[in-house]
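Here is the structure we will look at, set down as structure tokens.
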Amino acid sequence: MTTSKKDILPLIGFDHIEMYVGNAKQAAHFYQTAFGFQPVAYAGPETGLRDRSSYVLRQHKIQLVLTSPISPESEIAEHVKRHGDGVKMLALEVEDAAQSWQDTTSRGARSYMEPKTLKDDEGEVRVSGIYTYGETVHLFVERKNYKGPFMPGFETWDPEYKPEPVGLLVVDHCVGNVGWGKMDEWCKFYREVMGFDQLVSFDDKDISTDYTALMSKVMTNGNEKVKFPINEPAEGKKKSQIEEYLDFYHGAGVQHIALLTGNIIETVTAMRSRGVDFLFVPNTYYDDLKERVGEIDEEVEALQKLGILVDRDEDGYLLQLFTKPVLDRPTVFFEIIQRKGARSFGKGNFKALFEAIEREQARRGNL
Ligand code: FE2
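Here you go:
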């Protein structure tokens, strides 16, 4: 558990995640169809915006906003040109957006947006923002005086096309990739500017091996609703996957968004049937599963069929798997996770997956 020192930046939790994408209309269709997100709100030229279109989607408490540029001059167009589709805003809900901005900027954060109040007939939302790694932004959202579908300026979006949800509930964590030697710098930012603590249950030494070639630390806010693991590349036998991300994203940014489900078998069955591509897990991964994680409630056969990974820590176990990147650059992907007590992030799976792949290689006589 984290320390009980005064919370210098009280956060209610994640508010929404906004991605800047090349074609928000088509991306919205993908996240509805493949991930089961429900349509909520829309803003664009029809609602008076000149430079962008935004679609707001929701599944239980996860709010996803997809935004595209409409003209080539906008900062959104620049963002998409440089990074490809990527996460721009990790928006956090706060009690007081002005105070959050004042406190964080006075502690050294770079301002993205001074506090402002947005109003319409449904009430008001106060927003402000600061930069974190790369061009990624933490927007502070104060929405206690608002009843509308999302924010002032957005209208309800209620198309007929509404595929069923797949059981995704909340954002579990969002991982950032930063450059060589920058992990500690950004952990310091989260500690000193945002008042986060490092989650001690996650031992960064365990995954800093030849196999994985990355280092990672997990920062969390006081109520542990907001968790930001930070990765940096490390020297290994092969090029670090973090370095590959940095090359193709052209800088630091969000690597993956982990979404929590209460039943990973149902969720992944639905997502696979809707065409979501997940990382390949060799059958050999399941050879030593029972020895590695002990007794679990799920049938190993069912997990193997779906390629679901399992890891255990001192508090329990977790089930997880990762999508392939959701765009053509090898950058942003999603994780689906179910927690059965475990508070960690699946570090045991790095090594287990690597060893499973080596066993496959050995079977083919190539090792
Ligand atoms: Fe993760």
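Residue numbers for the sequence shown follow my numbering, so the first one is 1 and each next one is one higher.
Even for Gly, the Cβ is constructed at its ideal location relative to N, Cα and C.
The structure presented is a predicted model; accordingly, all values stated were derived computationally and were not measured.
According to DSSP, which residues form a beta bridge with Tyr317?
Arg312, Gly341
Tell me where the beta strand (DSSP E) around Leu169 begins and ends.
Here the beta strand (DSSP E) through Leu169 covers 168-177.
Residue environment, Phe322, which counts as buried when at least 16 other CB atoms sit within 10 Å:
buried
Heavy atom of the ligand FE2 less than 7 angstroms from the Cβ of Glu335, yes or no?
Checking every heavy atom of the ligand FE2 against the Cβ of Glu335, one is found closer than 7 angstroms.
At what residues does the beta strand (DSSP E) containing Tyr20 begin and finish?
Residues 13-20.
Quick check: what's the CA-CA separation for Phe14 versus Asp51?
26 angstroms
Below 7 angstroms, is the gap between the Cβ of Val137 and the nearest heavy atom of the ligand GDP?
No copy of the ligand GDP occurs in the structure displayed; its ligands are the ligand FE2 alone.
For the ligand FE2, I want to know if Val281 counts as a neighbour, meaning its beta carbon is within less than 7 angstroms of at least one of the ligand's heavy atoms.
no
Is the Cβ-Cβ distance between Ala41 and Val56 less than 8 angstroms?
yes
Under three-state DSSP, which class holds Phe196?
coil
Burial state of Ser53, where buried means 16 or more other Cβ atoms lie within 10 Å
For Ser53, the number of other beta carbons within 10 angstroms of its own is at least 16, and it is reported as buried.
Would you tell me roughly how many angstroms separate the C-alpha atoms of Gly362 and Pro282, rounded to the nearest one?
For the record, residue 362 in the displayed sequence is Ala; it is not Gly. Whole-angstrom Cα-Cα distance: 13 angstroms.
Just reading off the beta strand (DSSP E) that Ser216 is part of, what are its end residues?
Element bounds for Ser216: 214-220.
Cβ distance (whole Å) where Gly129 is taken to contact Tyr146 below 8 angstroms:
Gly129 to Tyr146, Cβ: 17 angstroms. No contact.
Round the Cβ separation of Leu260 and Leu118 to the nearest angstrom and send it over; I've been treating them as touching at under 8 angstroms.
Between Leu118 and Leu260 the Cβ distance is about 29 angstroms, and since that is not below 8 angstroms, they are no contact.
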